[in-house]
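Below is one structure, written out as structure tokens, with a few remarks after it.
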Amino acid sequence: MHVPAGMRAGSLVPVTTTQPARPQAAVRSRAIWMDVVRGLAIIAVIYGHTEAVGRVETVFASSDWMLVSNQVLVLIRMPLLMFLSGMLVPRSLAKGWRSFLPGKFTKLAWPYAVWIALFFVILWIYRDQSLSVIPMNILWPEDPNQTALWYLRNLFFYYLIAQALAWLRLPLWSGAALGVGISAAQLIADVDTGTTELRFANLMTYFFLGAVAMKHREAITRVCRRPLIALTLLAMFVVTAYLYVSGTPVRYRLEFIWGPLAFIGLVLAFAPSITSSAWTKPLEFIGRNSLYFYVMHFHLFLIYSWSISSHLDIGAAGHFLLMMAIGLIIPALTVHLANLVPPIKWLFFELPWPRRKKAAAI
Numbered sequence: 001m002h003v004p005a006g007m008r009a010g011s012l013v014p015v016t017t018t019q020p021a022r023p024q025a026a027v028r029s030r031a032i033w034m035d036v037v038r039g040l041a042i043i044a045v046i047y048g049h050t051e052a053v054g055r056v057e058t059v060f061a062s063s064d065w066m067l068v069s070n071q072v073l074v075l076i077r078m079p080l081l082m083f084l085s086g087m088l089v090p091r092s093l094a095k096g097w098r099s100f101l102p103g104k105f106t107k108l109a110w111p112y113a114v115w116i117a118l119f120f121v122i123l124w125i126y127r128d129q130s131l132s133v134i135p136m137n138i139l140w141p142e143d144p145n146q147t148a149l150w151y152l153r154n155l156f157f158y159y160l161i162a163q164a165l166a167w168l169r170l171p172l173w174s175g176a177a178l179g180v181g182i183s184a185a186q187l188i189a190d191v192d193t194g195t196t197e198l199r200f201a202n203l204m205t206y207f208f209l210g211a212v213a214m215k216h217r218e219a220i221t222r223v224c225r226r227p228l229i230a231l232t233l234l235a236m237f238v239v240t241a242y243l244y245v246s247g248t249p250v251r252y253r254l255e256f257i258w259g260p261l262a263f264i265g266l267v268l269a270f271a272p273s274i275t276s277s278a279w280t281k282p283l284e285f286i287g288r289n290s291l292y293f294y295v296m297h298f299h300l301f302l303i304y305s306w307s308i309s310s311h312l313d314i315g316a317a318g319h320f321l322l323m324m325a326i327g328l329i330i331p332a333l334t335v336h337l338a339n340l341v342p343p344i345k346w347l348f349f350e351l352p353w354p355r356r357k358k359a360a361a362i
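Count the sequence shown with full-length UniProt numbering and you get residues 1 to 362, in order.
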């Protein structure tokens with residue numbers, strides 16, 4: 001039996017629940033490993049923003065281990081999230097644009113609009129930002145690090161590009177070629193590492209490479225599992241991480257794309273063998289509800305830094321651990337509360353007006 005795949009509530013990417021002519025156990029295993037990997041990537045994002053916000057807002061002085069570990073994680077977390085999102089593009093496009101585009105507005109554009117508005121309110125309250133300044137650069141900010149929400153914006157545009165390619169009957173690999181082409185032009189023009197343009201083109205490459213890899217996932221897994229190949233991929237990533245920690249501008253640079261891709265190759269090699277267990281359940285939960293964790297944690301960190309941290313004398317490690325707990329526990333509680341009070345979901349992935357129910361299948 002073939003059951004159309006859908007977007008799991010609160011997830012940043014759609015999750016395939018079944019596939020024609022494939023054993024149910026294999027299909028479910030794939031969904032589990034993607035949930036687990038996405039959950040780990042979201043934890044890496046929260047970890048990185050804990051260190052960055054705590055340091056920038058002078059909540060604590062980051063230790064060397066905090067800085068180095070964050071630099072290593074920053075090389076892989078967003079490329080990995082984009083790659084995972086791209087892997088499920090072919091299945092999403094197969095449902096047709098009348099389902100594809102509204103779904104992306106609901107799951108990405110809507111929560112971006114809601115939470116960017118809440119971010120501006122926080123700035124208004126805590127930093128006395130004037131309303132004439134706050135709304136600037138919403139779609140294309142000069143500083144992509146102003147909020148963590150740029151990921152939703154970029155992802156939404158990548159999906160639009162994917163749909164445009166489908167309308168033009170162009171293969172999805174052409175999206176990756178476009179990303180590489182733009183990145184190469186930026187490299188020649190010596191575009192600064194921290195710009196929105198450089199980040200957009202670089203991550204678009206990972207997104208569409210994920211779409212291409214999905215069609216060949218099993219073959220890629222077999223190849224990357226070979227001991228010599230796996231060791232080579234590990235060495236490639238370690239070298240890239242060493243260069244970045246040593247001060248080389250590696251992040252979002254086309255000439256160093258092989259580093260994050262090597263790590264992604266290791267993920268594709270070994271993660272598909274993950275099966276559900278008591279150890280994976282928390283990660284599966286975070287992966288399935290990644291949107292809640294992603295959009296909430298940065299706002300929570302700012303509120304903590306600006307109104308709570310100064311009243312607590314718990315040291316750098318204490319603040320770090322407390323911020324991590326806030327970024328994980330409050331979104332988790334919100335997921336459960338939203339299941340009890342459905343209108344709360346309007347803040348995340350459901351538009352606050354009635355939608356027509358689909359006719360029951362006969």
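By construction, the Cβ of each residue, glycine as well, lies at the ideal position given by its N, Cα and C atoms.
Review point. Quick one: what does DSSP say K281 is sitting in, helix, strand or coil?
Key: Under the three-state reduction of DSSP output, K281 falls in the helix class.
Check your understanding: So F301 is in the alpha helix (DSSP H); what residue range does that whole segment cover?
Key -> Start and end: S290 to I303.
Exercise for review: Quick one: measure Cβ to Cβ for N202 and L254, integer angstroms, because I've assumed they're closer than 8 Å.
Suggested key: Rounded to whole angstroms, the Cβ separation of N202 and L254 is 7 Å, and the two are in contact under 8 Å.
Exercise for review: Return the first residue and the last residue of the alpha helix (DSSP H) that T196 is part of.
Suggested key: Unbroken alpha helix (DSSP H) run through T196: T196 to M214.
**Study point:** Residue from I303, T106, I308 and A316 with nearest C-alpha to L118
**Key:** Checked all of I303, T106, I308 and A316; the closest Cα to L118 is I303.
Practice item. Would you identify the three-state DSSP class for L347, choosing helix, strand or coil? Key: Residue state, collapsed to three classes: helix.
Review point. Taking the alpha helix (DSSP H) that R169 falls in, what are its first and last residues?
Key: Element bounds for R169: n/a, residue is neither H nor E.
Point to revise | For V72, the nearest candidate out of M324, P249, G315 and E284 (CA to CA) | key: From the listed residues M324, P249, G315 and E284, the smallest Cα separation to V72 is found for P249.
Exercise for review: Could you have a look at F83 and say whether DSSP puts it in helix, strand or coil?
Suggested key: Three-state DSSP puts F83 in a helix.
Exercise for review: Report the rounded CA-to-CA distance for M66 versus N289, giving the unit in angstroms.
Suggested key: Cα to Cα, the separation comes out at about 26 Å.
Check your understanding: Assuming L300 contacts G327 under a Cβ cut-off of 8 Å, what Cβ separation, rounded to an integer in Å, is found between them?
Key -> The C-beta distance from L300 to G327 rounds to 6 Å, short enough to meet the 8 Å contact threshold.
Exercise for review: Look at the alpha carbon of Q24 and the alpha carbon of S246, and state the distance between them as a whole number of angstroms.
Suggested key: Confidence at Q24 is low in this model, with a pLDDT of 46, below 50, so the placement of that residue is unreliable and no value is reported for it.
Practice item. Quick one: measure Cβ to Cβ for F100 and Q146, integer angstroms, because I've assumed they're closer than 8 Å. Key: Between Q146 and F100 the Cβ distance is about 29 Å, and since that is not below 8 Å, they are no contact.
**Study point:** N- and C-terminal bounds of the alpha helix (DSSP H) containing V335
**Key:** G315 to L340 is the span of the alpha helix (DSSP H), which, as asked, contains V335.
Review point. For M204, which residues of its own chain have a beta-carbon under 6 Å away from its beta-carbon, when the five flanking residues on both sides are left out?
Key: Correct list, in chain order: Y158 and G179.
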